[in-house]
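If you read the protein sequences in the order shown, they are chains A and B. Under our numbering, think of the first position of the first sequence as 688, with each following residue one higher. Under our numbering, think of the first position of the second sequence as 1444, with each following residue one higher.
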Amino acid sequence: MTIPTFIFKNALRNQRRALLSVSSVAASLFLLVTLQVALRELTLPVESSGAELRICARNKVSLTNPLPARQRPIIEKIPGVEGVSPFTWFGGQYQNEGGMTFAQFAMDPKETRRVFTDIKLDEAALAEFVSQKNAAIIGKVSADKYKFKPGDRFKLDSTVYPGSLDFIVAGIFSGTADDRMMFFHQDYLDESIGTPGYVGMWWLKVKSAADMAPVIQAINAAFQNTSAEVRAESERNFQLGFISMLGNIKALIASISTVVVFTLVLVTASTMSMAVRERFRELAILKALGFRRRELFAFILAESFGLAAAGACLGIGAAYILYTYGNISKMTAGIFVSFEVTPRIMGLAALVAALLGIISAVAPSVSVARMSVVNGLKTLD
Amino acid sequence: MALPLTYNLRNVLVRWRATLSTILGIGLVVAVYVLVQSLAAGLEKSAGNTGDPRNLMLVRKGSTAESTSMVSLPQLQIIRYWPQIARDATGAPLISADLIALISQPRVDGRGEANVSVRGISPQGMALRPQVKLLAGRWFMPGQREVAVSRKLARRFAGFQVGDTFRTGGHTLRVVGEFDGGNSAFDSELWMDADEARSLFDRQEYSSLLVRAASPAAARELIARVEADKRLTLLATPEIKYYSDQTVTAMPIRMLGGFLALAMSLGAVFAAMNTMYASVGSRTREIGTLRVLGFRRRSILAGFLVEGALLAAIGGVLGCLLALPLHGVSTGTMSFNSFSETVFEFRITPWLAAKGMIFAVLVGVAGSLLPAIRAARLPVITALKSV
Chain A
688 MTIPTFIFKN ALRNQRRALL SVSSVAASLF LLVTLQVALR ELTLPVESSG AELRICARNK
748 VSLTNPLPAR QRPIIEKIPG VEGVSPFTWF GGQYQNEGGM TFAQFAMDPK ETRRVFTDIK
808 LDEAALAEFV SQKNAAIIGK VSADKYKFKP GDRFKLDSTV YPGSLDFIVA GIFSGTADDR
868 MMFFHQDYLD ESIGTPGYVG MWWLKVKSAA DMAPVIQAIN AAFQNTSAEV RAESERNFQL
928 GFISMLGNIK ALIASISTVV VFTLVLVTAS TMSMAVRERF RELAILKALG FRRRELFAFI
988 LAESFGLAAA GACLGIGAAY ILYTYGNISK MTAGIFVSFE VTPRIMGLAA LVAALLGIIS
1048 AVAPSVSVAR MSVVNGLKTL D
Chain B
1444 MALPLTYNLR NVLVRWRATL STILGIGLVV AVYVLVQSLA AGLEKSAGNT GDPRNLMLVR
1504 KGSTAESTSM VSLPQLQIIR YWPQIARDAT GAPLISADLI ALISQPRVDG RGEANVSVRG
1564 ISPQGMALRP QVKLLAGRWF MPGQREVAVS RKLARRFAGF QVGDTFRTGG HTLRVVGEFD
1624 GGNSAFDSEL WMDADEARSL FDRQEYSSLL VRAASPAAAR ELIARVEADK RLTLLATPEI
1684 KYYSDQTVTA MPIRMLGGFL ALAMSLGAVF AAMNTMYASV GSRTREIGTL RVLGFRRRSI
1744 LAGFLVEGAL LAAIGGVLGC LLALPLHGVS TGTMSFNSFS ETVFEFRITP WLAAKGMIFA
1804 VLVGVAGSLL PAIRAARLPV ITALKSV
């Protein structure tokens, strides 16, 4: 019998316990991965393509305060600006669904290609969108959910503006970070509410990365001491602002993760020491036969490491498969759209498992090292 | 004959070293479960706790939050002197035209900004909301750019202490008082004079009206009259109902709690099973002896189940105790309804603690079922022979 087979047989000789230990490690690591992915989704701004060249400008008081439409020509004249579009939250409810199910924004369709470069839409559909005032384009996720196809007509009741608007679907787009959104004409919205001369925000695109900082500065300066001061920032910083609003939810998830890890260590360590305690006598015999302390430590370590590794493979693997191939937006009722298990998170979970294997081997090894051979031989289980 | 309960209890206690980690494990699972549920309870309580049973809220039909509601001045004038509205000692109708605006303010830890709700209220607004109490400083003066801040909110944002000033929309506001919203939605607000707020935020309209009905019958009349009057595109709702309808945001937290409880309890059941199997394994002889003494198989089965439940119950108590220090601690997040910072407390109610205990006992019973069956099935002779 070689040493690896000896360790392997030892680990599996109480198969039920091995299975239970592996399962509890797997369940905990599954949870750890889930929490870490959720935390990442909450704290990482959504990265859309072209975001590095996009600027979001909102009212300095808060996002919910509107901006005057008369600001647009001033912004357009700033050197380095490629395109400007209004971006107004409509807050429409579809067919008395109760809560908000997808976000709709009023914008300038003519600027689609210049500002919203991440929208993938064929030219014919775009032309249709631009030419028809009540046209709207809808992200693929929402279109699939509500079975929208080009040419369909529907109505949205606004929770922000009085009344409701009728739309016609001009096209289905994809490629944005959140393909649930819907875009329609700012002009159409303005007409329906009597053109009050306000928009929600400005979204603009600059020509090159070097233009970002000067343009942001120029916009902020342009409206200083006016009735509507503006806060312009990169799209990334703007998205980060939302994360800051989430407040203590981050800390909550992070602390739950810590508790999970702690519970995991506790339970596995106790299982390991249980397994070792059961065979004190055997280990004493090994000692009597001339095995050194470090060799005994290696046996225990290898066994606990093996159990932790098996648990890690199961738990992390299950999380990876479920979140990569499962429909996460359906599982979480639309709270999360993507739920990406990154290599970094898998690495973290694997690291926790490895540390777990080591830590849970320490306590039993110390007691084995301390025991005298005679006492060990006397032990009756 | 059933095994005496003391036998089980002593068994749990005598093997405390082996069972300690299981107890702790179950305790932590219960603590997480109770805490997450207490967050949801606190969030719901903060909305459900708001309002006076005699008050009615009037908002624009179709708006889902006060901040997107609009009430015009002419509409206010129509309603103001209706006889269904109660009067104060001076004969003025108890009606407050409020304005809700959101301002973006830096957090106290310097990590980013968040939206804060500013409520502009009319002079009668205070009398209509008796649950709000002034703690320090004074109330704002009408006609002054002064605000009073909820104490819970003041702890979370920079520049919100009494005497501080902060800038918004190019104007400077002075904090003159600190109030306690009595665990209601007002704990997440800044209060100031309604008309000052209208000028500050450049609004023609108010956001909502709050009125005190003269009697319950008058309240019903008022609701019907608002509905019937075509000039008013408003909806009147009892204030308490309005706020309790706003409580939908706790759903994601409840979902998170449910998922965590499920996944963690799975791990805990495996751990409890391990402990109980080991316990059965090391007591094989003892079980044989019990059988010889005349205890039935089902007594042994029940005995181990009780032991598992006891073990878990101790863990459950521990978990509740671990969670308890967080009771009443306030925390905050963005409400997707009002789009602003909502402050609320962890609320560990007796019912929640009881649910935690039930949860723990279920984990214990689930974890000890298979080991208990194994113990009950042990053949007597072999059990006695084992070392």
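For each residue, glycine too, the CB sits at the ideal point set by N, CA and C.
Self-check item: Proximal chain B residues relative to I943/A, where beta-carbon distance stays under 7 Å
Solution: V1475, L1703
Practice problem: Give the C-beta separation of A1490/B and V1514/B to the nearest angstrom, bearing in mind that I take them to be a contact with Cβ-Cβ under 8 Å. | Solution: Rounded, the Cβ-Cβ distance is 21 Å, inconsistent with contact.
Quiz item: Among the residues of its own chain, which have a CB less than 7 Å from the CB of G1606/B, if the five just before and after it don't count?
Solution: V1618
Quiz item: What does Y1720/B touch in chain A if you count any residue whose Cβ is under 7 Å from its own?
Solution: R703, R704
Quiz prompt | Contact set for G1625/B: own chain, Cβ-Cβ below 6 Å, skip 5 residues either direction | solution = Q1574
Practice problem: Rounded to whole angstroms, what's the CA-CA distance from V1590/B to A1704/B? Just pull it up for me. | Solution: 43 Å
Quiz item: Are the CB atoms of I836/A and D853/A nearer to each other than 7 Å?
Solution: The question names Ile, but residue 836/A in the sequence shown is Lys. No, these two residues do not count as a Cβ contact at 7 Å.
Quiz item: Taking DSSP as the reference, what is the three-state secondary structure of D795/A?
Solution: coil
Self-check item: Whole-number beta carbon distance between V1723/B and A1818/B, since they are thought to touch under 8 Å
Solution: 5 Å
Quiz item: Taking C-alpha atoms, which residue in T730/A, A908/A, G779/A, K832/A lies nearest to A938/A?
Solution: T730/A
Quiz item: Can you name the residues of chain A whose CB is closer than 8 Å to the CB of L1554/B?
Solution: It should be pointed out that residue 1554/B corresponds to Arg in this sequence rather than to Leu. In chain order: S931.
Quiz item: Quick one: what's got a C-beta closer than 6 Å to D839/A's C-beta in the same chain, skipping five residues either side?
Solution: V856
Quiz item: Would you say L699/A reaches chain B, if we count a Cβ-Cβ gap shorter than 7 Å as a contact?
Solution: no
Quiz item: Just checking, does the segment 744-755 of chain A make contact with the segment 882-897 of chain A on the three C-beta pairs under 8 Å criterion?
Solution: yes
Practice problem: Run the CB neighbour count on T1462/B, radius 10 Å, all protein chains shown included, and call it buried at 16 or more, exposed below. | Solution: buried
Quiz prompt | Below-7 Å beta-carbon distance, S711/A vs any chain B residue | solution = yes
Self-check item: Partners in chain A for R1550/B, counting only beta-carbon separations shorter than 9 Å
Solution: S931, G934
Quiz prompt | Interface positions of the segment 907-922 of chain A facing chain B (Cβ-Cβ less than 7 Å), listed along the chain | solution = N912, S914, E916
Quiz item: Can you tell me whether Y1450/B is buried or exposed, with buried defined as 16 or more other CB within 10 angstroms of its CB?
Solution: exposed
Practice problem: Any chance you could list the alpha helix (DSSP H) runs of at least 4 consecutive residues sitting entirely within the segment 1018-1063 of chain A, in chain order? | Solution: 1030-1057
Self-check item: Against chain B: residues of the segment 737-751 of chain A by CB proximity under 9 Å
Solution: R745, N746, K747, V748, S749, L750, T751
Practice problem: Say whether the segment 867-878 of chain A touches the segment 789-808 of chain A, bearing in mind that this needs 3 or more beta-carbon pairs closer than 8 Å, one atom from each stretch. | Solution: yes
Quiz item: Is Y1524/B helix, strand or coil when you go by DSSP?
Solution: coil
Exercise. Given a cut-off of 7 Å, decide if A919/A and A744/A are closer than it, judged by their beta-carbon atoms.
Key: yes
Quiz item: Should M1832/B be labelled buried (16 or more other beta-carbon atoms within 10 Å of its own) or exposed?
Solution: This structure leaves residue 1832/B out entirely; chain B is present only between 1444 and 1830.
Practice problem: Kindly confirm or deny that the segment 980-997 of chain A and the segment 1040-1053 of chain A touch, where touching means at least three C-beta pairs closer than 8 Å. | Solution: yes
Practice problem: Identify which residue in Q1527/B, F1782/B, R1646/B has its Cα closest to the Cα of I1440/B. | Solution: Since the displayed chain B opens at 1444 and closes at 1830, residue 1440/B lies outside it and no answer follows.
Exercise. For the segment 1629-1708 of chain B, list the beta strand (DSSP E) runs that are entirely contained and at least 3 residues long, ordered along the chain.
Key: 1632-1636, 1651-1655, 1677-1681
Quiz prompt | Start and end residues, alpha helix (DSSP H) containing F986/A | solution = 980-1012
Quiz prompt | Local conformation of A908/A per DSSP, three classes | solution = helix
Quiz item: V768/A to F1802/B, Cα distance in whole Å?
Solution: 59 Å
Quiz item: Under the rule that 16 or more other beta-carbon atoms within 10 Å means buried, what is Y1476/B, buried or exposed?
Solution: buried
Practice problem: Flag S1547/B as yes if its beta-carbon sits less than 7 Å from any beta-carbon of chain A, otherwise no. | Solution: yes
Quiz item: Since A1657/B and L1478/B are thought to touch, with beta carbons under 8 Å apart, how far apart are those beta carbons, to the nearest angstrom?
Solution: At roughly 45 Å, the Cβ-Cβ gap does not stay under 8 Å, so A1657/B and L1478/B are not in contact.
Quiz prompt | Contact set for N701/A: own chain, Cβ-Cβ below 8 Å, skip 5 residues either direction | solution = A962, E965
Quiz item: Could you check where the beta strand (DSSP E) with F854/A kicks off and where it finishes?
Solution: 851-860
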